[in-house]
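Here is the structure we will look at, set down as structure tokens.
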Amino acid sequence: MSSATTGRVMIVDGMALLFRAFYATSYGGYIRKTKAGLPTNAVYGFLQYFFDAVSTFEPSHVVCCWDMGKGTFRTEKYDGYKSNRIDAPLELIPQFDLVKEVVAELGVPNIGLVGYEADDCIGTLAACYGGESEVYILTGDHDMLQLVNDNVKVVIMKKGRSNYKVYDPAELLEEKGLTPRQVIDLKGFMGDTSDNYPGVKGIGEKTALKLLTEYGTVEGVIENLHLLPKGVRSKIEADLDMLHLSRELAEIRCDVPVVCTLAECMWELQRETAARKFQELEFGSLMHLIGEMGGGVRDERGIVQIELGDLG
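My numbering puts the sequence shown at residues 3 to 314.
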């Protein structure tokens, strides 16, 4: 599939970028704020990550996905799901809405749906766009690797800026020994401590990988329980229900009712509205990013009205 004819869509995991930006800039105790006292450090860092990725992967289309509250179909299935998560830091809370405002001013659609996670919106849009476009999912979440296919790549943000690992099916198999579908089954067996579901008690990543390498799927393992060592077999038999539930919780839905057409997410930076928002938030030192995406903000005569460089 030629990206020259069908375009390249970058789906941004907004939550992943925002949290990463907050903790990367607040660990020393300093929180960037406007003169009026509004915390902006996470939004500021988000924009740096965002523009770096746009510059690196040169998408023709961009869309950003968000969580829309804690309650989802997963918490209905299992009330312990993510119940171990601490509340967001106070300085981050006002930035959840603020970052969406900024993203909208850039000209990028914000997508989210109550009852579902951002992951499910990402999975649905990736499935939608992957039929006609090249898709890059920008995230720090390895759960997204289950979405990889011939037209969908997952870009994992690693430590530091401009440090990415791009996964397609071949890279996933080479590095982790897994197919995309096996990423889900692996979580079924080993659970996920960050999302607070247990999988099969006593089975960790090493054993789970061995089982999937040998038998392919959860079903393949269950069909061959009689061939497993007694200790492993008894653990699985004791936790069969949780095995199936954990796999359900791990699987990203690709059929949620969200729609964003390619026309709606065409990447065309709205320089004037973006520049006004940057000025409002006292992001003068980021103004150069707007210029780098297309030469500055021009008036009707074509004259650049905002100089590049550090205005902050």
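The C-beta atom is built at its ideal place from N, Cα and C for all residues, glycine as well.
(request) Keeping to the same chain, check which residues put their C-beta closer than 7 Å to that of Ala106; ignore five residues upstream and five downstream. (result) Asn112
(request) Could you round the C-beta distance between Lys189 and Arg249 to whole angstroms and report it? I think they count as a contact, below 8 Å. (result) 7 Å
(message) Can you give me the C-alpha to C-alpha distance between Thr74 and Glu119, rounded to a whole angstrom?
(response) 7 Å
(message) Can you tell me which residues form a DSSP beta bridge with Val168?
(response) Val157
(request) Hey, could you find the ends of the alpha helix (DSSP H) Val234 is sitting in? (result) Lys232 to Ala240
(message) On the DSSP bridge list, what partners appear for Cys67?
(response) Asp15 and Ile113
(request) To the nearest angstrom, report how far apart Cys256 and Cys130 are at their CA atoms. (result) 9 Å
(request) Give the straight-line distance between the Cα atoms of Leu180 and Arg278, rounded to the nearest whole angstrom. (result) 46 Å
(message) Rounding to the nearest angstrom, what Cα-Cα distance links Ala265 and Ser62 in this structure?
(response) 10 Å
(request) Can you tell me the Cβ-Cβ gap for Val157 and Asp187, rounded? I've got them flagged as a contact below 8 Å. (result) Not quite, the Cβ-Cβ distance comes to about 23 Å (not below 8 Å), so this is no contact.
(message) When you measure from the CB of Gly125 to every non-hydrogen atom of the ligand ADP, does any distance come out below 7 Å?
(response) In terms of ligand content, the structure shown is empty, and the ligand ADP therefore cannot be addressed.
(message) Quick check on Val116: buried or exposed, where buried means 16 or more other Cβ atoms within 10 Å of its Cβ?
(response) exposed
(request) Look up Glu119 in the DSSP assignment and say whether it is helix, strand or coil. (result) coil
(request) Return the CA-CA distance between Tyr166 and Ala26, expressed in angstroms with no decimal places. (result) 16 Å
(message) Quick check on Gly47: buried or exposed, where buried means 16 or more other Cβ atoms within 10 Å of its Cβ?
(response) buried
(message) Within 8 Å, do at least three Cβ pairs link the region 83-97 to the region 33-42?
(response) yes
(message) Could you tell me the alpha carbon to alpha carbon distance between Phe21 and Thr209, rounded to whole angstroms?
(response) 32 Å
(request) Mind listing, in chain order, the continuous alpha helix (DSSP H) runs of no fewer than 4 residues lying wholly within the region 183-228? (result) 207-217 and 220-225
(request) Identify, in the order they occur along the chain, each residue of the same chain with its Cβ nearer than 7 Å to the Cβ of Lys203, setting aside the five sequence neighbours on each side. (result) Lys237 and Asp241
(request) Can you give me the start and stop residues for the alpha helix (DSSP H) that Val101 sits inside? (result) Ile95 to Leu108
(message) For Ile124 and Asp15, which I take to be in contact (beta-carbon distance under 8 Å), what is that distance rounded to the nearest angstrom?
(response) 6 Å
(request) Pull up the distance between the alpha-carbon of Gly218 and that of Gly201, whole angstroms please. (result) 17 Å
(request) Would you mind working out which of Asp145, Val154, Val104 and Glu103 sits nearest Leu127, comparing C-alpha positions? (result) Val154
(request) Whole angstroms is fine: what's the gap from Gly222's alpha carbon to Lys161's? (result) 37 Å
(message) For Tyr80, report the span of its beta strand (DSSP E) as first-last.
(response) Element bounds for Tyr80: n/a, residue is neither H nor E.
(request) Take the Cβ of Val137 as the centre, count every other Cβ of all protein chains shown within 10 Å, and call the residue buried at 16 or more, exposed below. (result) buried
(request) Could you tell me the boundaries of the beta strand (DSSP E) in which Glu136 lies? (result) Glu136 to Thr141
(request) Leaving aside the five residues before and after Gly132 along the sequence, list all residues of the same chain whose C-beta is less than 6 Å from its C-beta, in chain order. (result) Asn153 and Val154
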